[in-house]
Amino acid sequence: MPTLLHLDSSPRQGSVSRQISGEFAEAWRKTNPDGSYVYRDLAADPVPHVDHAQIEVMHRLEAEGVRDLEAAREAARTPEEVASWAVTWPLIEELLAADTILLGVPMYNFSVPSTFKAWFDRVLIAPLIADPATGQGPLSGKRVVVASARGGAYGPGTPRHDFDHQEPYLKAALSMVGLASDLTFLHAELTKSAHVPRLLQFKEMAATSYQAAIDGARTHGEA
259 MPTLLHLDSS
269 PRQGSVSRQI
279 SGEFAEAWRK
289 TNPDGSYVYR
299 DLAADPVPHV
309 DHAQIEVMHR
319 LEAEGVRDLE
329 AAREAARTPE
339 EVASWAVTWP
349 LIEELLAADT
359 ILLGVPMYNF
369 SVPSTFKAWF
379 DRVLIAPLIA
389 DPATGQGPLS
399 GKRVVVASAR
409 GGAYGPGTPR
419 HDFDHQEPYL
429 KAALSMVGLA
439 SDLTFLHAEL
449 TKSAHVPRLL
459 QFKEMAATSY
469 QAAIDGARTH
479 GEA
């Protein structure tokens, strides 16, 4: 039975990234009526940032070369580590169970929201990191779709292309856990043209970008 893990990180209900991810999720659920759908709203229910206790567990896994997930599950020792690991492990289980991972990630100050970063910092543990020699790991083979909204234009050839630390970060971060081989970005750009006076001239371009992202979400959701 196919499983979709859907995460949204925008704090604004009805945001563009939520609209795009919602279109994908709706198309996927229609195409996979018997599939399992797991949803997390990282803005409404934020994942706690990594704490000292989790770092201690992760350092120990690295130092001991632990690659086995079952061993990692039981790696917490102190009461503080057990409590922190209890936050992390359900997130890891959701990732492992998913066939498709849908990430609603708007661009914030040229990068990603801290709510998304907190989630990713929790799940990036040593046993999930891909083997540098093969590029393969426990999460390899899963499909990842990023539903993205950007206030400006950051594509190749634009003046602010070098300011884009959202897509390059996500590519690098996801590649660490073997999730970059089937990775799709659905960008809606120039979203601030709807309310920033100096960007009003780009409203038509924004509408075209938005529609392309929505159409892409429907197409990829049905795939």
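Counting in the numbering used here, the sequence shown runs from 259 upward without gaps.
C-beta atoms are modelled at their ideal positions from N, C-alpha and C, and glycine is treated no differently.
All figures in this text were calculated on a predicted structure; none of them were measured in a lab.
If you draw a straight line from the alpha carbon of residue 310 to that of residue 300, how long is it in whole angstroms? Their Cα atoms are separated by approximately 21 Å.
Nearest to residue 402 by alpha carbon, out of 325, 481, 379? When each option's Cα is compared against that of residue 402, the closest is 481.
Output the distance between the C-alpha atoms of residue 471 and residue 360, rounded to the nearest integer angstrom. 14 Å
Tell me, to the nearest whole angstrom, how far the beta carbon of residue 285 is from that of residue 479; I am working on the premise that it is less than 8 Å. 3 Å
Inspect the beta-carbon positions of residue 345 and residue 267 and report whether they are closer than 7 Å. No, they are not a contact pair.
Measuring CB atoms only, is the region 304 to 321 touching the region 287 to 294, in the sense that at least three cross pairs come out at less than 8 Å? no
If you compare alpha carbons, which of 473, 458, 467, 347 is closest to residue 385? 347
Which two residues bound the contiguous beta strand (DSSP E) that contains residue 392? Counting along the chain, residue 392 falls outside any beta strand (DSSP E), and DSSP gives it neither H nor E.
Is the region 434 to 444 close to the region 402 to 415, with three or more CB pairs under 8 Å? yes
Going by beta carbon distance, what residues of the same chain come within less than 6 Å of residue 350, once the five residues before and after it are set aside? 381
Simplified DSSP state of residue 340, which is helix, strand or coil: helix
From this set, 400, 375, 326, 307, which residue's C-alpha is nearest residue 342's C-alpha? Nearest to residue 342 by alpha-carbon distance, out of 400, 375, 326, 307, is 307.
Put residue 369 into one of helix, strand or coil per three-state DSSP. Strand.
Endpoints, the alpha helix (DSSP H) within which residue 428 is located: Counting along the chain, residue 428 sits inside the alpha helix (DSSP H) bounded by residues 425 to 434.
Following the continuous alpha helix (DSSP H) through residue 478, name the residue where it begins and the one where it ends. 461 to 480
So which of 409, 473, 475, 260 has the shortest CA-CA distance to residue 453? Out of 409, 473, 475, 260, the CA that lies nearest to the CA of residue 453 is found in 409.
Hey, residue 304 and residue 373: beta-carbon distance below 7 Å or not? yes
Tell me the DSSP secondary structure of residue 359 in three-state form. strand
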